[in-house]
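Trainee: Would you mind keeping the following structure in view while I ask a few things?
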């Protein structure tokens, strides 16, 4: 087997492992959401409240509204 063939096989194997890890991570997030729906609902309510505040400020303070929307977009990532 040439060096090129070995490195291609190694990358493919690494890609498969990475794909399986990503799939396992996604399954973990799904199970967490199914077993803890209250947390998800709280996050959605928090995002909605931030968006409503941003909508109210849009006319008078668009920069602050943009900051609130940015914070709303980060709620589930904490």
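In the working numbering, the protein residues as written are 2 to 79.
Heads up, the beta-carbon is just placed ideally off N, CA and C, and yes, glycines get one too.
These numbers were taken from a predicted model, which means no experiment stands behind them.
So, helix, strand or coil for residue 59, using DSSP?
Mentor: One-based indexing of the chain shown puts residue 59 at position 58. Reduced to three states, the DSSP call for residue 59 is coil.
Trainee: I need the DSSP call for residue 74, collapsed to helix, strand or coil.
Mentor: On the chain shown, residue 74 is found 73 positions in, with the first residue counted as 1. Correct three-state label for residue 74: helix.
Trainee: Please list, in chain order, all residues of the same chain as residue 55 whose beta carbon is under 6 angstroms from its beta carbon, the five residues on each side excluded.
Mentor: On the chain shown, position 54 is the one that residue 55 refers to. Contacts found: 66, 69 and 70.
Trainee: What separation, rounded to the nearest whole angstrom, lies between the Cα atoms of residue 38 and residue 73?
Mentor: The residue given as residue 38 occupies position 37 in the chain shown. The residue given as residue 73 occupies position 72 in the chain shown. Their Cα atoms are separated by approximately 19 angstroms.
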